[in-house]
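**Student:**
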Amino acid sequence: MAAHTQAEIERKYDVDAAASVPDLTAADGIAAARQLEPVTLTAVYFDTANLDLAAHRMILRRREGGPDEGWHIKKPAKEGRTELHWPLGSGTTIPDEVLDPVRAIVRDRALSPLARINTVRTAVHLLDERGEAVAELADDVVSASDARGGTLRTWREWEVELLPAAPDTKKARSRLLDAIERVLLEAGATPSSSVAKVAQALGAESLTDVVPGIGAVADAIAGTAASVVVAAVRRLTAALENADPAVRADQPDAVHQMRRAVRRLSNVLAGNGRLFDAEAVRALRDGLAWLGGSLGDARDAEVSGKRAVRELDAVPAHPSDAAVQARLVADARRGYTEAHQRVRRLMSSPRYYRLLDALDDFAARPPLTKRWSHPAVKEIRRQLRRDIARLRTRARRAAAAGPVDREAALHDVRKAVRRLRNAVDAVRPEAAAVLGAKKGRALRRISAAAKPIETSLGERHDLVLFAGQLEFASASANEAGEETFVYGMLTARAASELGAPPADLDSSVRRIARLARTF
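In the working numbering, each residue's number is its place in the sequence shown (first place is 1) plus 62.
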């Protein structure tokens with residue numbers, strides 16, 4: 063069953079047992095208050111032995127009681143948190159559909175109870191002048207036990223959460239929360255020292271506080287080339303993990319986003335391999351190539367289906383269109399479905415989970431060589447020179463290639479420019495932080511200059527693959543006694559679009575080389 067997703071924007075306040083809930087109609091924007099019947103909430107929070115969810119500021123719980131009882135996942139968002147909700151069901155075992163959004167975090171490790179929290183909640187709905195509930199004040203009396211340490215803690219807190227009818231701009235939402243907060247502070251409340259009940263149940267102020275060593279960074283490598291690469295690996299691993307649940311759910315563009323993170327990880331490791339143990343880098347790149355290959359199969363089928371739809375829409379209708387659709391579009395979509403199923407199986411395998419473990423370990427304990435302390439600017443310049451030399455060599459080969467070898471040569475150019483862009487974009491945020499905004503802007507200009515080449519050659523390569531698909535489909539149709547006229551139209555259209563190689567390729571490559579000299 064699909065999860066119900068909503069934004070959770072709230073503020074928490076500590077309050078003593080004798081405090082009375084104030085009249086909140088004194089807050090600007092609140093016209094009336096409606097108290098609800100008290101409810102008892104019983105929640106069990108789960109995590110791995112190593113507290114992987116807490117380290118990522120995520121919560122997984124099973125809660126009974128109240129209008130939203132069920133399985134919940136909460137994860138950080140740009141504003142507040144994102145909450146995923148599933149029905150409670152009949153069992154206490156965590157359902158697979160609940161685990162899917164956090165599989166990249168917990169992997170194949172077992173989850174067990176972390177804390178048990180009982181809450182007696184008296185809620186007050188706060189209404190605006192239209193009579194719509196824009197916020198809820200929850201007056202909570204909490205009894206919580208640390209399931210692993212055995213400590214029992216009790217407290218009272220007020221929680222103000224915005225409801226769906228709240229203002230639709232961040233500024234207006236903050237203004238409403240500020241107005242409510244002023245009334246609560248006057249009544250004796252203080253901003254909570256703990257951001258989540260489960261953290262307070264464990265005697266901590268935040269979820270990351272309960273994880274030993276979280277956030278520990280090797281200060282000795284700060285400002286060096288190794289620090290830039292390690293930070294990039296950490297960020298790109300997070301991007302891969304963030305794409306994981308979207309790929310599992312088969313969301314649009316998810317395969318592409320994960321594949322891009324995989325490529326950038328591989329490129330940044332390849333370009334800076336001499337800073338780290340060669341065997342460790344090789345093992346990571348082998349694992350990334352294995353994952354990227356499976357993602358590539360799914361992505362190619364996805365692109366093929368979209369290309370077929372676009373090309374068929376561009377030619378006049380014909381009586382044989384249904385048969386052509388079946389061969390070009392339906393076959394591609396079936397191929398994507400099969401490839402996506404293979405990706406899902408791969409993403410539930412021990413090898414996939416160990417690859418994620420290895421990436422985490424690389425970022426936490428980088429296997430440095432003697433070159434780790436080289437200045438970041440020196441190593442980035444070295445990589446730029448090497449990547450641009452590769453690009454210029456391949457561009458010259460493409461310019462000299464004849465019709466038979468041209469497309470393969472242009473595809474090599476595309477791979478070279480993509481590798482350059484991936485390497486630049488992979489380290490750009492960290493390079494800007496270490497070397498300054500000017501260097502960051504220089505890298506951004508290099509990437510921007512390379513993007514049109516990658517895009518145009520990517521479109522060209524997709525068209526070449528489509529032409530091959532047309533040839534195969536046309537031959538199959540002919541053998542089956544089907545009309546092949548539409549295939550002929552599409553083939554002629556593809557040949558016309560391919561034509562000669564891009565005329566401005568050489569000048570574009572030279573511009574990238576000039577920009578690289580400014581770094």
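Just so you know, even glycine gets a beta-carbon here, dropped at the ideal spot from N, CA and C.
Checking 8 Å against the spacing of the C-beta atoms, do F338 and L430 come in under that value?
**Tutor:** Going by C-beta atoms, F338 is nearer than 8 Å to L430.
**Student:** Who are the Cβ neighbours of D474 in its own chain at under 6 Å, not counting the five residues just before and after it?
**Tutor:** Correct list, in chain order: R456.
**Student:** What are the residues that DSSP puts in a beta bridge with F424?
**Tutor:** Answer is none; F424 lacks a bridge partner.
**Student:** If you measure between the beta carbons of V405 and S356, is that distance less than 8 Å?
**Tutor:** Going by C-beta atoms, V405 is nearer than 8 Å to S356.
**Student:** May I ask you to verify whether the stretch 90 to 100 touches the stretch 184 to 198, counting CB pairs closer than 8 Å and requiring at least 3?
**Tutor:** They touch, by the three-pair rule.
**Student:** Are there 16 or more other CB atoms within 10 angstroms of the CB of D566, so buried, or fewer, so exposed?
**Tutor:** Looking at its Cβ environment, which holds fewer than 16 other Cβ atoms inside 10 Å, D566 is exposed.
**Student:** From the DSSP secondary-structure annotation, give me the bridge partner or partners of G132.
**Tutor:** In the DSSP output, where bridge partners are listed per residue, G132 has R125.
**Student:** Should A363 and A316 be called a contact, given that it needs their Cβ atoms to be closer than 8 Å?
**Tutor:** No. Outside cutoff.
**Student:** May I ask which residues mark the beginning and end of the alpha helix (DSSP H) holding V295?
**Tutor:** Here the alpha helix (DSSP H) through V295 covers A287 to R310.
**Student:** The alpha helix (DSSP H) spanning D467 covers which residue range?
**Tutor:** Taken as a continuous stretch (DSSP letters only), D467 belongs to no alpha helix (DSSP H), as it is neither H nor E.
**Student:** Which runs of the alpha helix (DSSP H) spanning at least 4 residues fall entirely within the stretch 230 to 266, listed in chain order?
**Tutor:** Qualifying alpha helix (DSSP H) stretches, in chain order: 232 to 248 and 259 to 263.
**Student:** Rank I574, A177 and A438 by C-alpha distance to the C-alpha of A206 and give the top, closest one.
**Tutor:** Residue A177 is the option with its Cα nearest to A206.
**Student:** With C-beta atoms as the reference, is S254 less than 8 Å away from K74?
**Tutor:** Yes, the pair counts as a contact, with Cβ atoms nearer than the cut-off.
**Student:** Rounded to a whole number of angstroms, what is the C-alpha to C-alpha distance between R326 and L146?
**Tutor:** Those two C-alpha atoms are separated by around 30 Å.
**Student:** Determine which residues share a DSSP beta bridge with F108 and list them.
**Tutor:** DSSP output for F108 lists L122 and P175 as bridge partner(s).
**Student:** I need the boundaries of the beta strand (DSSP E) containing V222, first residue and last residue.
**Tutor:** It spans L214 to L224 - the beta strand (DSSP E) in which V222 sits, taken as one unbroken run.
**Student:** Given a threshold of 16 other Cβ atoms within 10 Å of its Cβ, counted over all protein chains shown, does F528 qualify as buried or as exposed?
**Tutor:** By the 10 Å Cβ count, F528 comes out buried.
**Student:** Put G140 into one of helix, strand or coil per three-state DSSP.
**Tutor:** Contrary to the premise, residue 140 reads as Lys rather than Gly in this sequence. The answer is coil: DSSP assigns K140 none of H, G, I, E or B.
**Student:** Taking the DSSP output, what are the residues bridged to P437?
**Tutor:** T286, per the DSSP bridge assignment.
**Student:** Looking at the unbroken alpha helix (DSSP H) that takes in D162, where does it start and where does it end?
**Tutor:** Premise fails: D162 is in no alpha helix (DSSP H) and is neither H nor E.
**Student:** At a cut of 8 Å, does the stretch 296 to 306 reach the stretch 442 to 454 through at least three beta carbon pairs?
**Tutor:** Segments in contact, no.
**Student:** State the start and end residues of the unbroken beta strand (DSSP E) segment that holds R199.
**Tutor:** In the sequence as displayed, the identity of residue 199 is Leu instead of Arg. Here the beta strand (DSSP E) through L199 covers A195 to D208.
**Student:** Touch check for the stretch 536 to 556 and the stretch 570 to 578: three-plus C-beta pairs under 8 Å?
**Tutor:** The answer is no - the stretch 570 to 578 does not touch the stretch 536 to 556, with fewer than three Cβ pairs under 8 Å.
**Student:** May I ask you to list the residues that DSSP assigns as paired with N180?
**Tutor:** Per DSSP, T104 and S205.
**Student:** Less than 8 Å between the beta carbons of V496 and G285, yes or no?
**Tutor:** Contact: yes.
**Student:** Since G402 is in the alpha helix (DSSP H), which residue starts that stretch and which ends it?
**Tutor:** One detail in the question is off: residue 402 reads as His in this sequence, not Gly. Element bounds for H402: D393 to L408.
**Student:** Give me the Cα-Cα distance between G212 and E70, rounded to the nearest whole angstrom.
**Tutor:** The alpha-carbon atoms of G212 and E70 are separated by roughly 30 Å.
**Student:** Does the Cβ of S236 have 16 or more other Cβ atoms within 10 Å, making it buried, or fewer, making it exposed?
**Tutor:** Answer is exposed; the Cβ neighbour count stays below 16.
**Student:** Using CA coordinates, which residue listed in R124, D383, A197 and A345 is at the minimum distance from L417?
**Tutor:** Nearest option by C-alpha distance: A345.
**Student:** Check whether the stretch 531 to 538 and the stretch 385 to 399 touch, using three or more Cβ-Cβ pairs below 8 Å as the test.
**Tutor:** Because the criterion of three Cβ pairs below 8 Å is met, the stretch 531 to 538 and the stretch 385 to 399 touch.
**Student:** Any idea what DSSP makes of F528, helix, strand or coil?
**Tutor:** Helix.
**Student:** What does DSSP give as the partner residue(s) for F534 in the beta ladder?
**Tutor:** In DSSP, F534 forms no bridge with anything.
**Student:** Taking only three categories from DSSP, how would you classify F547?
**Tutor:** F547 falls in the helix class under three-state DSSP.
**Student:** Would N484 and N329 qualify as a contact pair, given that the criterion is a beta-carbon distance under 8 Å?
**Tutor:** Yes.
**Student:** Nearest-angstrom Cα distance between V279 and F581?
**Tutor:** For V279, the pLDDT reaches just 47, beneath the cut-off of 50, and the residue's location in the model is therefore unreliable, leaving the point undetermined.
**Student:** By the DSSP assignment, the beta strand (DSSP E) with A94 in it spans what residues?
**Tutor:** Element bounds for A94: A94 to Q97.
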